[in-house]
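Engineer: With this note's numbering applied, the sequence shown closes on residue 225, and no number is skipped along the way. I have a structure here, written as structure tokens, and I will follow up with some questions on it.
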Amino acid sequence: MSGPAWSVKAVASVMEDQLSSAALAAGASGNAAVPACRRMAPELLLCVQSPYAPGRVAMMAEVVAAGQSLDGAFATARDQVEAAWARVPARTFSVDGIAGQYYVRSGGDGFDAAALLRPELLARLAGGVPVVAVPEDGTVVWWVPGHADFDKMVAVGVRRMAEASSAPVSSRIYQHTGTKWSTWAEVRGNIGLPAPVPQPPPSSEDP
19 MSGPAWSVKA VASVMEDQLS SAALAAGASG NAAVPACRRM APELLLCVQS PYAPGRVAMM
79 AEVVAAGQSL DGAFATARDQ VEAAWARVPA RTFSVDGIAG QYYVRSGGDG FDAAALLRPE
139 LLARLAGGVP VVAVPEDGTV VWWVPGHADF DKMVAVGVRR MAEASSAPVS SRIYQHTGTK
199 WSTWAEVRGN IGLPAPVPQP PPSSEDP
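Now the structure itself:
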């Protein structure tokens, strides 16, 4: 593989303007003040990480200087997801007394939320079309919905994780429609999660 080994991190959508403003305040201009990010879903961005400063969102000037486009950088990260997950597999959890299981991957290696680039991988690992949450940077949670009590338990856990995190992303839960990620649910005061709606299995070509 030529060029930098790009990885990605999830950030709350409000961070895009904050990152740009901070760069402008530091004297940057043009592409040096444009975060290398892509909006994946409501409230959720995936951003390219600088390969030279892990954890820092790269600016478009860095991507261009490496001879890469934003799409190319994301494609590079996407192609590395399966190998990264083989090195640091997801873990499987259950809730005592309630049918169902959920999965968590928290490798902290820049390839946790990168799973959003591979919806078909999440579906294969879950054994069905899952719902997915990214409560904080470095953690992705997913499960196949269908058991109301279990869905509520995990959804509440996602919200609590986001609220307790020093790097929260979103308490929303997403599902891939076959063409894009959309909001499936968000736990607010009174829990009310939607009944699962059959979705077409994501293909390996979907973003």
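The beta-carbon is built from N, C-alpha and C at its ideal position, and this holds for glycine as well.
1) Starting from Lys170 and walking both ways along the alpha helix (DSSP H), at which residues does that stretch end?
2) According to DSSP, which residues form a beta bridge with Lys27?
3) May I have the straight-line CA-CA distance separating Gly145 from Gly115, to the nearest angstrom?
4) Counting C-beta neighbours from all protein chains within 10 Å, is the total for Gly156 16 or more, i.e. buried, or is it exposed?
5) Applying the 10 Å Cβ sphere with the 16-neighbour rule, what's the burial state of Pro148?
6) To the nearest angstrom, how far is the alpha carbon of Val172 from that of Thr201?
7) Could you give the DSSP three-state label for Ser38: helix, strand or coil?
8) Which same chain residues end up closer than 7 Å to Asn49 when comparing Cβ atoms and leaving out the 5 residues on each side of it in sequence?
9) May I ask you to report which of helix, strand or coil DSSP gives Thr94?
10) Give every residue of the same chain whose Cβ lies closer than 8 Å to the Cβ of Val26, excluding the five residues on either side of it in the sequence, and list them in chain order.
11) Starting from Gln119, follow its DSSP beta bridges and name the residues at the other end.
12) Buried or exposed for Arg206, please, with buried defined as at least 16 other CB atoms from any protein chain shown within 10 angstroms of its CB.
13) Using the Cβ count rule (16 or more neighbours within 10 Å means buried), how would you classify Tyr228?
14) Could you please give me the residues that DSSP links to Arg56 through a beta bridge?
15) Helix, strand or coil for Pro153, going by three-state DSSP, please let me know.
16) Check the C-beta distance from Tyr120 over to Trp161 and give it rounded, since I have them as a contact under 8 Å.
17) Assuming Ala30 and Val158 make a contact with CB atoms under 8 Å, what is their CB distance in whole Å?
18) Determine whether the beta carbon atoms of Val32 and Ala54 lie at a separation below 9 Å.
19) Using only the alpha-carbon positions, how far apart do Asp35 and Glu61 sit?
20) Based on Cα-Cα distance, which residue from Trp24, Asp167, Val174 lies nearest to Ala102?
21) Tell me Met77's beta-bridge partners as DSSP assigns them.
Structural biologist: Checking against the coordinates, here is how it stands:
1) Lys170 -> alpha helix (DSSP H) spans 166 to 182.
2) For Lys27, the beta-bridge partners assigned by DSSP are Cys65.
3) Take the alpha-carbon of Gly145 and the one of Gly115: they are about 21 Å apart.
4) Counting the other Cβ atoms within 10 Å of the Cβ of Gly156 gives 16 or more, which makes it buried.
5) The residue in question, Pro148, is buried, as its Cβ has 16 or more Cβ neighbours within 10 Å.
6) Taking the straight line from one Cα to the other gives about 16 Å.
7) Here Ser38 sits in helix by DSSP.
8) Within the same chain, Asn49 has close Cβ partners Met77, Met78, Ala79, Val82.
9) Here Thr94 sits in helix by DSSP.
10) Same-chain partners within the cutoff: Leu64, Cys65, Val66, Gln67, Phe92, Ala95, Gly128, Phe129, Ala131, Ala132, Leu135.
11) Partner(s): Ser112.
12) The residue is exposed, with fewer than 16 neighbouring Cβ atoms inside 10 Å.
13) It is not possible to answer for residue 228, since the shown part of the chain is limited to 19 through 225.
14) In the DSSP assignment, Arg56 forms a beta bridge with Leu64.
15) DSSP, reduced to helix, strand and coil, places Pro153 within a strand of the structure shown.
16) Contact holds; Cβ gap of about 4 Å.
17) Distance from Ala30 to Val158 at the Cβ level is roughly 15 Å; contact not present, criterion being Cβ atoms closer than 8 Å.
18) Contact flag unset, no.
19) Asp35 and Glu61 have their C-alpha atoms spaced approximately 13 Å apart.
20) Comparing Cα-Cα distances from Ala102 to each of Trp24, Asp167, Val174, the minimum goes to Trp24.
21) BP columns for Met77 point to Pro53.
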